[in-house]
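All remarks here apply to the structure that follows.
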Amino acid sequence: MSPSPHPANTPEITALKSLAAPFHWLDQVPFSLIAGAFFVAVLGVYIRTAAPSVLSGDSAEFQFAAPLLGVPHPTTYPLYILLGKLTTLLVPVGEIAWRVTILSSLCGALTALGCLVLVYRIGQSKPAALLATLALSVAPGLWNAATIAEVYALLMLLLATLILILTLMGPPTTVSLTNQGTHPWRLYLSGFIAGLGCTHHGLFVLTALPLFATYILLLLIPRRLTLTAFALLALCFVLGLTPLSYPLIQFARYGPFDGVDVGLPTYYFWGAPTSWRAVFDLMTGGDVRRGIFQLPSIPEVVRVLHMVGNRLIFEFGPLGVLLGLVGAISMFRYRRDVGIGLVWICLATSGYLLLLGPAVQDAPVFTLPIVLPWAVWIGMGGLTIASTCSDWLSASKGAPSVPLLSSILPIRVGQTILIVLIGVTLVWGYSRVSVSSKRHLWLFRDFGQATLVALPSNAAVITHWEQGTILHYLMAIEGQRPDIEVVTVEPQDVNWGLVAEHYNADRPIFFIGSDESVAGLSVELVRADDYAQLFRFTASTDE
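So the number in the working numbering is just where the residue sits in the sequence shown, counting from 1, plus 833.
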C-alpha cells in the first residue's frame, strides 16, 4: 500500500516537492515504518476505547446478526455481516458483541492508514501526512464509528481505499493502459473496491461511484484503456457485487417467512419477508427508503448547511476548519484532479443530507464522508502555511532589519510550525475523548440483564427497537432466558395494547419504555431505570 519512493517527476510533483523541501527531519525514517507504527497506535487507541459489550438499537442488531449469519435491517449490509462473522471467528478472546465491534476499530485504523499514504503521495511530506491523519483519527466522527458495531467505519475504509487507488494511478490524462500499463492491477482493484462499496452503503454509491465512473470514462474517451482491460475491469466490479447474493442465499435456505417470525434464536431475518419481491425491496431500502427522503425547503437548506458547518467545528475545531480551507485551495493549485474529487465528496454528502427528511433523527452521522476530504486538506493546509513562512524567511534573511537570521532558520521555522500544529491536534484529540470513548459503556448490558432477571417465566415483552435488540442479543447469543418472547414494535406504529391482546390472558405481558410509551394503558411499574422502565400489563384499555 506504500507509495513508490521515487514517484514520477511530473510538473505537479515537482511543485509539491518545492513545498515539502524544508521538512527533512523525518527523511531518515522509512515511510513504511512510520505508517506501520501509526496504524498500530491508532488501532490500539480504538480498541482501548471501543464499547466493551452489547450496545442498543442497530448496533446491538449487528452484534447478534453477524455471529448468527442473519440478515439485518435495510439494506441488509451483507459485506459488514460477513466480515463481522469472520471477525468473531478470528478474534479468540472477548465476548461476541465486543468482537463484532473490533471490526469497526480495524476499519477505522485502516482508514487512517489510507489517509496517511494518500496525503504523503500528494504532498510528499511526512509531517503533513501525519498532521492530516492525526486530525482524521481523533475526529469524533471516525473515532465514534471505530468504537461501536456500525457500518460507517467500513464505509470510510472503502471510500478512502478507492480514492487512494485512483490517486496512486495518477491523473487519468497521464495514464495509458493500451499496452500493458505499469500498474494495471490497481485499475482492476479499484473496480473490485467500487463493487464492494456499492453493496455496502448508499453514501458510497452517491459519493465514490461517480468518481470511479468519471475516472474510467476519461480513460475510455481517448482510448487509453483497451477493450480487454475494460472487460477485466467490469468483471472485477461484478465480483465486488457478490456480497449481494448473501441475503438471497439465506432467504433460499430459511424463507419464506410469515411476516412475523424473524427466526430467533437460531436465525434472524429482519422483516420476515414472505416473498422474493419482499427480499429485493428489503435490499433496496424498503420502507426505510420510502420514508426518509424529501425535497428540502429553503429554511431546511439553511438549517442543514448550518449543521454541516457546526459539525466540522465539532470534528476539527476552528483551527482545523481554517487549515482545511487553506488546504483545499492549495490542493486545487497542485493536484487539481484530487481536489475536484474531494470537493465532489463534500458536495454529494451535503446533497444527501439535504434530501433526508425530519424522520431521520441521526442525520449528523451522515456527514462522516466529509471528514476524510477535510482531514486531507488540513494536512495540505499545514504544509502550505509552513512552507510559505519558510519561503518568506528565506527571502528576508539577508535584510539588514533581521540580522540574526541564518540560513538554517527558515528550515527550523517550517519544521516548528508543523510540530506545533501536530501538537495542537493531539490536544484537540484529547479533548474529544469524553465524546468518543465507549470504554466504560456497560449501560446496555446492565439494563438488559437486570430486566431479564426481573421477568417471570414465559413472559412476553413488548418493547422499542432500541431496548429489544439488547434482549435479543442476550437471549440469542448468550442463551439467557430462552423462555421469554420479545416483540419489538414502536407504539406510534402499532398500539401496544393491541399487540398485548394477541396473547393468552394467563400469559404475563410486559412493556419496556417510558411513561409516554404506555400512556392510556393499564400498567404497573415493575422496575424503574433512567434508561428505560419495565411495566407489567394489568388489563386491556377501555377503548
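Glycine is no exception: its CB is placed at the ideal position from the N, C-alpha and C atoms.
These figures come from a predicted structure and were not determined experimentally.
### Task
Drop a sphere of 10 angstroms on the beta-carbon of His1034, count the other beta-carbons inside from all chains shown, and report buried for 16 or more, exposed for fewer.
buried
#### Entry: Length of the line joining the Cα atoms of Lys918 and Leu1331
37 Å
### Query
Using the rule of at least 16 other Cβ atoms within 10 Å of the residue's Cβ for burial, across every protein chain shown, is His1335 buried or exposed?
exposed
### Task
With a threshold of 16 other CB atoms inside 10 Å of the CB of Glu1376, please say whether the residue is buried or exposed.
Low local confidence applies: a pLDDT of 43 at Glu1376 is under 50, so the model's placement there is unreliable, with the coordinate-based value given in what follows. Per the 10 Å Cβ criterion, exposed.
#### Entry: Nearest-angstrom Cα separation, counted from Ala1219 out to Ser1234
Confidence in Ser1234 is poor, its pLDDT being 45 and thus under 50, which makes the residue's placement unreliable; the coordinate value appears in the next sentence. Each residue's alpha carbon lies about 22 Å from the other.
### Query
Is Thr1061 helix, strand or coil by DSSP?
helix
### Query
Cα separation between Ile880 and Ala979?
8 Å
### Message
Using a Cβ-Cβ cutoff of less than 6 Å, which residues in the same chain neighbour Thr1015 once the five nearest sequence positions on both sides are dropped?
### Response
Low confidence applies here, because Thr1015 scores a pLDDT of 48, under 50, leaving its location unreliable and the question unanswered by this model.
### Exposure label - His906; buried when at least 16 CB within 10 Å
buried
### Query
Going along the chain, which unbroken runs of the alpha helix (DSSP H) with 4 or more residues stay wholly within the segment 857-898?
864-881
### Task
Whole angstroms is fine: what's the gap from Tyr1021's alpha carbon to Asp1326's?
47 Å
### CA nearest to the CA of Phe1343, picked from Glu1357, Val1159, Ala1352
Glu1357
#### Entry: Distance between Ala965 and Val1253 (C-alpha atoms, nearest Å)
13 Å
### Query
What does DSSP give as the partner residues of Val1319 in its beta bridges?
Val1294
### Query
Run through DSSP, which three-state label would Phe1380 get?
Past the boundaries of the shown model lies residue 1380; the chain is included only from 834 to 1376, so the question cannot be answered.
#### Entry: Residues bridged to Ala1287 (per DSSP)
Answer by DSSP bridge pairing: none, since Ala1287 is not bridged.
### Task
Please say whether Val971 and Thr1258 have beta carbons closer to each other than 8 Å?
yes
### Query
Does the Cβ of Ala899 have 16 or more other Cβ atoms within 10 Å, making it buried, or fewer, making it exposed?
buried
### Task
Excluding the 5 residues preceding and the 5 following Ser1347 in the sequence, name in chain order all residues of the same chain whose CB lies nearer than 8 Å to its CB.
Ala1365, Gln1366
### Message
Distance check for Gly1190 and Trp1225, CA to CA, integer angstroms please.
### Response
50 Å
### Task
Whole angstroms is fine: what's the gap from Leu902's alpha carbon to Gly1150's?
40 Å
### Option in Cys1222, Phe864, Leu1205, Ile1255 with minimal Cα separation from Pro973
Leu1205
### Query
How is Arg1278 classed by DSSP in three states: helix, strand or coil?
helix
### Task
Would you please state the rounded distance, in angstroms, between the beta carbons of Ile1026 and Val1171? I believe it to be under 8 Å.
Not really, about 17 Å apart at Cβ, beyond 8 Å.
### Message
For a minimum of 4 consecutive residues, which ranges assigned as the alpha helix (DSSP H) are wholly contained in the segment 906-934?
### Response
911-923
### Message
With the cut-off set at 8 Å, would you say Val1387 and Ala1292 are in Cβ contact?
### Response
Shown here, the chain extends from 834 to 1376; a query on residue 1387 therefore has no answer.
### Task
Could you check what DSSP says for Ile955 in three-state terms: helix, strand or coil?
helix
### Message
Between Leu969 and Cys948, how many whole angstroms is the CB-CB distance? I'm expecting something under 8 Å.
### Response
5 Å
### Query
Taking Cβ to Cβ, would you say Ser1269 is nearer than 8 Å to Asn977?
yes
### Task
Report the rounded CA-to-CA distance for Gly877 versus Tyr953, giving the unit in angstroms.
22 Å
### Minimum C-alpha distance to Pro885 - residue among Ala1361, Lys1271, Ala1287
Lys1271
### Query
Can the beta-carbon of Gly1281 be found closer than 8 Å to that of Val887?
yes
### Task
Apply the 10 Å Cβ neighbour rule to Arg1265 and answer buried if 16 or more other Cβ atoms are within range, or exposed otherwise.
buried
### Query
From Val1322 to Trp931, what does the alpha carbon distance come to, in whole angstroms?
26 Å
#### Entry: For Ile1211 and Gly1153, believed in contact at Cβ under 8 Å, the rounded distance
6 Å
### Task
Following the continuous beta strand (DSSP E) through Leu1358, name the residue where it begins and the one where it ends.
1355-1360
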